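A.B. asks: Numbers 1 to 285, taken from full-length UniProt numbering, label the letters of the sequence shown in order.
Next up is a structure, given as C-alpha cells.
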Amino acid sequence: MARRRRHEEEHENHERWLVSYADFITLLFAFFVVMYSLSSINEGKYRVLSDSIVQAFRSLNINESGQQIILPPVAVAPVVRPQPPAPSQLEESAEAVRRQTAQQMRSMAEDIRRVLAPLTRSGQVSVSEGAFGISIEINASLLFAPGEAMLSTPAVEALRAVAQVLAATPFPITVEGHTDNLPISTYRFPSNWELSAVRASTVTRLFIDSGVAPDRLTAAGYADQRPVADNATDEGRGRNRRVAILIESRNAEPAPTGPAIIPPNDPIRSILPPAETATPPADGQ
C-alpha cells in the first residue's frame, strides 16, 4: 500500500506545471487588456484635443458677449511688374553704346599714334582705323632679327607703351605674325608657319606681362598666306614681314531691327524652311 501511495503522489507532481502555465496565460491576457485600455484612453484624449482646437478657431471672431467681431481686411500691396523697354528705347540704348564705343576707339587710336609717333614718321609702323576697329602694322625688321623670334630692346620699349594703352580698354586683341615667301628650315623653325606663330606669341606674352588681360588676347601665325605686297621684290617682301595688332570693336555692326528680307531669286531659299522664305511686300501694300 505504501508503494501505491508514493506512486500516486509522484504522478500528481508531474502535472503541477499546468498551474504555472495557466498563471502565465492569465498574466499575458491581463497585460494585453491593459495595453488596449491605454490605447483607447489616448485616442480619446487626442480626439478631445482636436475638437478643442477646432472650436477655438471657430470662436476667434466671437467676443465674450456672443457678438461676431468683423475683422478689418488686411491691405496687400499690389505686385508691380516692370514693363519691358519699348523698341525705341532699345534702339536709343544701342545707339548710345555705339557712340560710346566709337569714341573709345578714336581716343585709343590717338593714344597709340602718340606713343608710336617716331616709328610712324619713319614708316616702320602704321596705325589705321576701320569699321571693325584699329589695325597696327609693325615691320618685322623693327621687332626681330632675320629668322628669329626674340624681340629687340627698342621693340620691347615700343610694345610696352602700346600695351599700357591697351590694358585700360575692354576690347579683344588679335596679334598676327606674317612672313614673306622665302622658305626657312632651321632647328627651331622648320617653316614660316612656326616662325610667324612664335613671333605672334612673343608679342602676346609681352602684352600679358605689361598688364593686358590674357582672355582678351589671341595669337595667330599666317606664314606667307596673307601678303600685302608683291613677294617678287625685296621691298614687297620687306612689307610682308610684319606683325599686325588688331583691336576689335565689339559694336562694329548695328543690331538688326527686324526680320531680314530674302529676295525671291536668292539661292539660299532652297535650303531654308518655309517660315524663313517670306517674300517682301509688293508695292502699295
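C-beta atoms are modelled at their ideal positions from N, C-alpha and C, and glycine is treated no differently.
Owing to the predicted nature of the structure, the values given are computational and were not obtained by experimental measurement.
(1) Looking only at its chain, what residues have a beta carbon closer than 7 Å to the beta carbon of R226, apart from the 5 residues adjacent to it on each side?
(2) Give the range of the alpha helix (DSSP H) segment to which S210 is assigned.
(3) Could you tell me the alpha carbon to alpha carbon distance between Y142 and T101, rounded to whole angstroms?
(4) Using alpha carbons as the reference points, say which of M105, R106, A158 and D234 lies closest to I138.
(5) Compare the C-alpha of I245 against each of D224, E176 and R216 and name the closest.
(6) Let's see if you can read the secondary structure: which residues bound the beta strand (DSSP E) around E176?
(7) In the DSSP assignment, the alpha helix (DSSP H) including T218 goes from what residue to what residue?
(8) Can you tell me which of the three DSSP states V243 falls into?
(9) What is the DSSP secondary structure of G133, counted as helix, strand or coil?
(10) Where does I25 sit, in a helix, a strand or coil, going by DSSP?
(11) In angstroms, rounded to a whole number, what distance separates the CA positions of Y187 and D224?
(12) I need the straight-line Cα distance from P254 to A145, nearest angstrom please.
(13) In chain order, what residues of the same chain lie with their CB nearer than 7 Å to the CB of D111, ignoring the 5 residues before and after it?
(14) Alpha carbon to alpha carbon, how far is A109 from A219? Give it in angstroms, no decimals.
(15) Given that a residue counts as buried once 16 or more other Cβ atoms are within 10 Å of its Cβ, and exposed if not, what is L71?
C.D. replies: Reading off the structure:
(1) Hits under 7 Å: H178.
(2) Counting along the chain, S210 falls outside any alpha helix (DSSP H), and DSSP gives it neither H nor E.
(3) Note on residue identity: the sequence assigns Leu, not Tyr, to residue 142. Cα to Cα, L142 sits roughly 31 Å from T101.
(4) Considering only alpha carbons, the answer is A158.
(5) E176
(6) I173 to H178
(7) Unbroken run through T218 is the beta strand (DSSP E), L217 to G221; no alpha helix (DSSP H).
(8) strand
(9) Assignment of G133 by DSSP, reduced to helix, strand and coil, places it in the strand class.
(10) helix
(11) 19 Å
(12) Confidence at P254 is low in this model, with a pLDDT of 47, below 50, so its placement is unreliable and the value that follows should be read with caution. Using only the alpha carbons, I get a separation of about 43 Å.
(13) Within the same chain, Cβ atoms closer than 7 Å to the Cβ of D111 are found at V165, the five residues on either side in sequence being excluded.
(14) If you take the alpha carbons of A219 and A109, they lie about 21 Å apart.
(15) Summary for L71: the model assigns pLDDT 49, below 50, so the residue's position carries little reliability, and this model does not support an answer.
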